[in-house]
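Beneath this line is the structure, given in structure tokens, with notes to follow.
This is the structure in structure tokens:
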């Protein structure tokens, strides 16, 4: 069975030896993030900071809880979904795709049955600074919450829309949200609520169960409910509860919920922030104000955070893992629904927001250009800069296999394709545009356009014969056994793969 809360997920990690609790006081000021960064780089256990220095709080900080193992980043999430151990990456994708094709509508629960309502604070009791928001990178503009789900109104769905936008804390009741025009929730604010002079109700849900946290980062079609897809992922309905101060519904097992509204025509500074490329992203710019009206939370709430850009451009953290284990299968479903015969769509493990690898055969000339154009003009146009296309038989989860395909199959003259200079929009979270090019601070999007590109690393001619490939692999194993390698090891691998099919 799937886990139903962040706490259940942390217990699962603890049982498997993947959790480390720090009982001695750890500072929210860089110390917690430094320890988390080292754990990320060294593929160590997920750190839980049970005692926070310099602040009286019952809250606990959790560093990058959804980061998966470096060699098999889908393993922890697979266990959270109740899937069997030892799945290959391709089989894991197949299982998740099956669930995404069967969404389940959420169910509502009464407030007294919702763990996120164990403590309710309204009015003068609202105090953001009573929680240990971490100062994540030296040079950040302030303390951040960057591992949460934003719930906002959507007239086309019963349960609103979910997304993910970082939040910088300013005082006891106000924060600034990074709302970049071109994305669904920011567009709702900039082009719907603000022109009418109306505040937009918003809830920031912190410490959600795994399927909620992952669904918020998917490209769910307009008019469809993220809550239903989260239910599909866990193969059970997600429990939702109504907010105290507005009509929004939030996940009932969340650790902490901030209820409030984004004020029209009001801005606070936001940034800079150490972003996913591993550098400090700026300049500091004005972003919409989130005014907190109520705070509800569990006893001793766990507050997760993500160390973006761990190391120098190294992205093995919660963000990159959730994109690979959830957004990748979701994109595969979307491309198949659009009529493209895609085996797997996988974000590149180390730069998961800018480069994707698509495993697909090329049935006719021009097919890859059509596929790239479809993606760039739909869900991928803002963040993703280029794609690498490999044969369907190539494992896009294997960086070595992908680089080998590029080195052997991609002709630098004929197989590197660009979609024209200054044609496509780009969010300002990049390193190659100047501050002037990023421009337009009013709505936080790029004034200039950027080029998009793709690499054709597929083989010429017919697709690889999978049966022939399997037979070749078996012959290679026989030769290795003859040379003295352990035959039982190969038998165990083959048996595991057969069970996962």
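Numbering (the UniProt record's numbering), first residue to last: 1 to 501. Backbone N, C-alpha and C define an ideal beta-carbon position, used for all residues, glycine too.
Check                                                                                                                : Outcome
Span of the beta strand (DSSP E) around residue 136                                                                  : Taken as a continuous stretch (DSSP letters only), residue 136 belongs to no beta strand (DSSP E), as it is neither H nor E.
Residue nearest to residue 88 in terms of C-alpha spacing, selected from 403, 406, 451 and 395                       : 395
Burial state of residue 194 (16 or more Cβ within 10 Å)                                                              : buried
Backbone CA spacing between residue 3 and residue 330 [nearest angstrom]                                             : 20 Å
Burial state of residue 405, where buried means 16 or more other Cβ atoms lie within 10 Å                            : buried
Beta-carbon separation (whole angstroms), residue 63 vs residue 157, contact threshold 8 Å                           : No, residue 63 and residue 157 are not in contact; Cβ-Cβ is about 33 Å, not under 8 Å.
Residue 6 burial status per 10 Å Cβ neighbour count (16 or more: buried)                                             : buried
First and last residue of the uninterrupted alpha helix (DSSP H) at residue 373                                      : 367-376
Cross-strand partners of residue 239 (DSSP beta bridge)                                                              : 107
Same chain only: Cβ atoms within 7 Å of residue 464, ignoring 5 sequence neighbours per side                         : Unreliable positioning characterises residue 464 in this predicted model, as indicated by a pLDDT of 44, which lies under 50. The coordinate reading is nonetheless provided below. Excluding positions up to five away in sequence, the list reads 391 and 393.
For residue 453 and residue 386, believed in contact at Cβ under 8 Å, the rounded distance                           : 4 Å
Residue 53 versus residue 30 - alpha carbon distance                                                                 : 12 Å
Whole-angstrom distance between residue 273 and residue 99, CA atom to CA atom                                       : 35 Å
Opposing strand residues paired with residue 163 [DSSP bridges]                                                      : 150
Burial state of residue 247 (16 or more Cβ within 10 Å)                                                              : exposed
Per-residue burial, residue 85 [other beta carbons within 10 Å of its own, 16 or more giving buried]                 : exposed
Length of the line joining the Cα atoms of residue 462 and residue 80                                                : Confidence at residue 462 is low in this model, with a pLDDT of 47, below 50, so its placement is unreliable and the value that follows should be read with caution. About 39 Å.
Delimiting residues of the beta strand (DSSP E) encompassing residue 49                                              : 46-49
Straight-line gap, residue 39 to residue 210 (C-alpha atoms, nearest Å)                                              : 20 Å
The alpha helix (DSSP H) enclosing residue 89, as first and last residue numbers                                     : 89-100
Residue 192 - containing alpha helix (DSSP H), residue span                                                          : Residue 192 -> no alpha helix (DSSP H), and no H or E assigned at all.
Distance, residue 269 Cα to residue 23 Cα                                                                            : 35 Å
Check whether residue 260 and residue 293 have beta carbons under 8 Å apart                                          : yes
Own chain partners of residue 150 with C-beta closer than 8 Å, once the 5 adjacent residues on each side are dropped : 162, 163, 164, 165, 177, 185, 202, 203, 204, 205 and 216
Complete alpha helix (DSSP H) runs within the region 169-217 (minimum length 4 residues, chain order)                : 184-188 and 210-215
Paired residues, beta bridge with residue 360 - DSSP                                                                 : 342
Nearest-angstrom beta carbon gap, residue 68 and residue 74 [assumed within contact, 8 Å]                            : 6 Å
Proximity test, residue 243 beta-carbon vs the ligand FAD heavy atom, cut-off 7 Å                                    : What this structure holds is no ligand at all, so the ligand FAD is not there to describe.
Nearest-angstrom Cα separation, counted from residue 146 out to residue 285                                          : 17 Å
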